[in-house]
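Going down the list, the protein sequences come from chains W and X.
By the working numbering, the letter at position 34 of the first sequence is numbered 506, and the numbering carries on one by one without gaps.
By the working numbering, the letter at position 209 of the second sequence is numbered 681, and the numbering carries on one by one without gaps.
For glycine and all other residues, C-beta sits at the position ideal for the given N, C-alpha and C.
Number of protein chains: 2
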Amino acid sequence: MKILLIEDEKDLAESIAAYFAPEGYSVDTAFNYGEGEEKANVNEYECALVDLMLPGGSGMDLVEIIKRKNPKCGIIIISARQGVDDKINGLNTGADDYITKPFHLAELNARIKSLMRRKLFNGSSIIVINELIIDTGNREVKINEAPVEFTRREFDLLLFFISNQERALTKESITEHVWGDNLDAFGNLDFIYTHVKNLRKKLKEYGAGDYIKSVYGIGYKFSLK
Amino acid sequence: MKILLIEDEKDLAESIAAYFAPEGYSVDTAFNYGEGEEKANVNEYECALVDLMLPGGSGMDLVEIIKRKNPKCGIIIISARQGVDDKINGLNTGADDYITKPFHLAELNARIKSLMRRKLFNGSSIIVINELIIDTGNREVKINEAPVEFTRREFDLLLFFISNQERALTKESITEHVWGDNLDAFGNLDFIYTHVKNLRKKLKEYGAGDYIKSVYGIGYKFSLK
DNA sequence: TCTTCTATCAGTAATATTTTCATTTTATAA
DNA sequence: TTATAAAATGAAAATATTACTGATAGAAGA
Chain W
473 MKILLIEDEK
483 DLAESIAAYF
493 APEGYSVDTA
503 FNYGEGEEKA
513 NVNEYECALV
523 DLMLPGGSGM
533 DLVEIIKRKN
543 PKCGIIIISA
553 RQGVDDKING
563 LNTGADDYIT
573 KPFHLAELNA
583 RIKSLMRRKL
593 FNGSSIIVIN
603 ELIIDTGNRE
613 VKINEAPVEF
623 TRREFDLLLF
633 FISNQERALT
643 KESITEHVWG
653 DNLDAFGNLD
663 FIYTHVKNLR
673 KKLKEYGAGD
683 YIKSVYGIGY
693 KFSLK
Chain X
473 MKILLIEDEK
483 DLAESIAAYF
493 APEGYSVDTA
503 FNYGEGEEKA
513 NVNEYECALV
523 DLMLPGGSGM
533 DLVEIIKRKN
543 PKCGIIIISA
553 RQGVDDKING
563 LNTGADDYIT
573 KPFHLAELNA
583 RIKSLMRRKL
593 FNGSSIIVIN
603 ELIIDTGNRE
613 VKINEAPVEF
623 TRREFDLLLF
633 FISNQERALT
643 KESITEHVWG
653 DNLDAFGNLD
663 FIYTHVKNLR
673 KKLKEYGAGD
683 YIKSVYGIGY
693 KFSLK
């Protein structure tokens with residue numbers, strides 16, 4: 473996910489960028505108004521973090537510019553001010569959330585996740601399929617109300633299945649989407665068997681239905697029927 | 473739960489009241505010394521949040537007044553000062569906890585919860601867990617009747633653990649509560665390992681049980697089982 | 001100053017995850 | 001039915017992640 477960070481305190485900007493790198497976010501930093509405007513116009517971001525007090529102009533104006541250019545971009549205002557008025561102003565110009573300094577990066581992270589969730593699935597990223605409840609944001613799964621731990625691969629695999637329900641998926645396409653392209657160009661795909669096996673086992677263990685069907689010669693199909 | 477908030481910064485007071493309303497706390501606000509004294513004398517509160525710097529007098533005196541009137545009332549000092557001396561003074565006059573500005577409402581909330589938990593143990597500030605005797609007021613610990621010295625961090629860590637028995641605590645939440653916000657924004661949490669190590673060592677040395685369990689991938693859990 | 005406490009680090013251990021592999025079972029077409 | 005390819009299975013090896021330890025240097029207090 474691409475994030476635009478417009479913040480003149482270099483230390484803070486660096487901390488944020490460093491914190492989010494392992495989260496898989498790529499953070500583009502602008503240190504003043506002009507830089508922020510330029511980057512916002514040139515690139516497409518899914519999320520922008522905008523400080524209100526910037527050299528060269530007000531963050532509030534940037535919020536409007538970003539929103540006009542790409543209405544889908546989620547915007548979080550960062551501010552040192554405490555007043556409630558600013559909060560209302562910020563949200564009225566199109567920002568989606570507001571956080572005041574000082575803050576914990578963990579909290580900023582939570583807010584970004586929550587925002588993305590709201591954006592992506594018009595309200596929530598929680599997918600309910602019979603006895604399965606999948607929270608794509610927190611990567612948490614519940615089966616019959618009980619929380620169940622899935623490994624990274626298991627979760628991604630499950631997610632790929634449920635976002636392609638009732639369609640036969642080739643092993644090639646599964647690997648491509650779940651494992652990405654850092655795979656030595658379609659050698660041996662047998663490891664999928666093991667992962668499907670583990671996923672099925674875990675689903676069965678907690679009493680979920682037998683949704684993952686094998687499609688001989690092709691791959692698999694997630695089907696409720 | 474009834475909370476008395478004595479704070480002259482109106483914005484902050486409003487934020488606190490607004491934050492706690494949905495938590496089910498009813499917050500009474502006083503904006504200066506006199507108002508605070510009057511409310512404390514008229515009503516019974518389970519918890520008081522007292523700013524040290526108040527128009528009309530020192531919050532420290534209010535702490536004594538409140539404590540004399542109702543010794544069961546939990547008191548958290550709010551202060552803009554950074555010094556440790558203040559902290560010690562505050563705790564000696566009868567306050568139970570101390571939080572410095574600026575702080576996150578979530579942290580204040582956590583401290584109130586934790587304080588209430590400690591109070592509930594038996595009304596006094598002495599917590600007995602098998603061979604452990606912890607006096608939260610004097611910050612003294614006895615193990616099998618023998619007094620044992622703990623450093624500040626060790627004591628706070630132990631206290632946080634026993635206030636959250638049988639619950640897995642993430643490293644993040646531990647740092648947030650024990651180290652507070654004077655931390656360079658949640659980079660590396662490895663130092664926890666050392667403190668847990670030292671705490672475990674000291675407990676073991678004096679013959680206490682092995683109560684601090686590791687929870688792989690999460691953090692720790694204080695458990696008597 | 002000297003001592004104690006705290007934080008950081010590197011090396012090691014423990015645990016979890018992913019992949020590989022040999023074997024067995026199953027499905028399909030001739 | 002039978003030959004064959006595909007899929008499932010369990011175990012074990014290879015990786016990756018997380019936790020622990022001891023040493024140490026810097027910070028804070030006495």
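What are the complete beta strand (DSSP E) segments, minimum 3 residues, inside the stretch 486-512 of chain W?
-> Entirely contained in the stretch 486-512 of chain W, the beta strand (DSSP E) runs reaching 3 residues are, in chain order, 498-502.
W:Ala520 versus W:Cys545, W:Glu510, W:Phe633, W:Asn636, residue with shortest Cα-Cα distance | It is W:Cys545.
Can you tell me the Cα-Cα spacing of W:Ile584 and X:His667, whole angstroms?
-> Straight-line Cα distance between these residues: approximately 31 Å.
Check whether X:Ala512 and X:Lys474 have beta carbons under 8 Å apart = When the beta-carbon positions are compared, X:Ala512 and X:Lys474 stay at least 8 Å from each other.
CB-CB under 7 Å to W:Leu563, same chain, minus the five flanking residues each way: which ones, in chain order?
-> At W:Leu563, the pLDDT of 44 sits below 50, so the modelled position is not reliable and the matter cannot be decided from this model.
Cβ neighbours of X:Asn610 in the same chain (closer than 8 Å, five flanking residues each side left out) | Within the same chain, and ignoring the five residues on either side of X:Asn610 in sequence, no residue has its Cβ closer than 8 Å to its Cβ.
Test item: CB-CB of X:Glu612 and X:Pro619 under 8 Å | Taking C-beta atoms as the reference points, X:Glu612 and X:Pro619 count as a pair closer than 8 Å.
Identity of the residues DSSP links to W:Ala520 by a beta bridge | Within the DSSP secondary-structure output, W:Ala520 pairs in a beta bridge with W:Leu476, W:Ile547.
Under the DSSP definition of a beta bridge, which residues are partnered with X:Ser530?
-> In the DSSP assignment, the residues bridged to X:Ser530 are X:Met525.
May I ask you to report which of helix, strand or coil DSSP gives X:Ile690?
-> Coil, per DSSP.
Buried or exposed for W:Asp483, please, with buried defined as at least 16 other CB atoms from any protein chain shown within 10 angstroms of its CB.
-> The residue in question, W:Asp483, is exposed, as its Cβ has fewer than 16 Cβ neighbours within 10 Å.
Beta bridge counterpart(s) of X:Glu603 as assigned by DSSP | Beta-bridge pairing links X:Glu603 to no other residue.
Does the beta-carbon distance from W:Asp480 to W:Pro527 come in below 8 Å?
-> Yes, Cβ-Cβ distance for W:Asp480 and W:Pro527 is below 8 Å.
May I have the straight-line CA-CA distance separating W:Ser551 from W:Met588, to the nearest angstrom?
-> When rounded, the distance between both Cα atoms is 20 Å.
By DSSP, does X:Asp483 sit in helix, in strand, or in coil?
-> Residue state, collapsed to three classes: helix.
Minimum C-alpha distance to X:Val514 - residue among X:Ile537, X:Lys573, X:Lys697 | Of the listed residues, the one whose Cα sits closest to X:Val514 is X:Ile537.
Selection from W:Gly691, W:Ala485, W:Leu641, W:Tyr692 that minimises the alpha carbon distance to W:Phe503 | Residue W:Ala485 is the option with its Cα nearest to W:Phe503.
According to DSSP, which residues form a beta bridge with W:Ala618?
-> In DSSP, W:Ala618 forms a bridge with W:Ile615.
How long is the line joining the alpha carbons of W:Val650 and W:Ile606, rounded to whole angstroms?
-> Answer to the nearest angstrom: the Cα atoms are 17 Å apart.
Same chain, Cβ closer than 6 Å to X:Lys693, neighbours up to 5 away in sequence not counted = Hits under 6 Å: Ala640, Lys685, Val687.
Terminal residues of the continuous beta strand (DSSP E) containing W:Leu641?
-> Note, W:Leu641: beta strand (DSSP E), 640-642.
Just to confirm, are X:Lys643 and X:Leu661 a CB contact at a threshold of 8 Å?
-> Contact flag set, yes.
Starting from W:Val650, trace the alpha helix (DSSP H) both ways and give me its first and last residue.
-> Element bounds for W:Val650: n/a, residue is neither H nor E.
CA-CA distance, W:Ala648 and W:Lys614?
-> Reading the sequence as shown, one finds Glu at residue 648 of chain W and not Ala. Annotation: W:Glu648 to W:Lys614 spans about 26 Å, alpha carbon to alpha carbon.
Note down the Cα distance separating X:Ala489 from W:Ile664, rounded to an integer number of angstroms.
-> When the Cα atoms are used, X:Ala489 and W:Ile664 turn out to be separated by approximately 54 Å.
Between the beta-carbon of X:Gly531 and the beta-carbon of X:Ile549, is there less than 8 Å?
-> Annotated as proximal: X:Gly531 and X:Ile549, with beta-carbon spacing under 8 Å.
W:Phe575 to W:Asn616 span [Cα, whole Å] | Rounded to the nearest angstrom, the two C-alpha atoms are 36 Å apart.
Based on the DSSP secondary-structure assignment, which residues constitute the bridge partners of X:Lys685?
-> Answer by DSSP bridge pairing, in chain order: X:Lys693.
Identity of the residue in W:Ile634, W:Gly529, W:Asn670 nearest W:Ser695 by Cα | Ranking W:Ile634, W:Gly529, W:Asn670 by Cα distance to W:Ser695 puts W:Ile634 first.
If W:Ala680 and W:Glu621 are in contact, beta carbons under 8 Å, what's the gap, nearest whole angstrom?
-> Rounded, the Cβ-Cβ distance is 14 Å, inconsistent with contact.
Decide if W:Thr623 is buried, meaning its Cβ has at least 16 other Cβ atoms within 10 Å, or exposed.
-> Around the CB of W:Thr623, fewer than 16 other CB atoms lie within 10 Å, so the residue is classed as exposed.
Output the distance between the C-alpha atoms of X:Asn654 and X:Gly529, rounded to the nearest integer angstrom.
-> Annotation note: pLDDT 46 at X:Asn654 (below 50); position unreliable, no value reported.
Kindly indicate which residue of X:Leu477, X:Leu629, X:Ser645 has the alpha-carbon position closest to the one of X:Gly506.
-> It is X:Leu477.
From W:Tyr517, W:Ile646, W:Glu510, pick the residue whose C-alpha is nearest to that of W:Ser498; which is it?
-> The shortest Cα separation from W:Ser498 among W:Tyr517, W:Ile646, W:Glu510 belongs to W:Tyr517.
To which residues does DSSP link W:Tyr570 through a beta bridge?
-> DSSP output for W:Tyr570 lists W:Ile549 as bridge partner(s).
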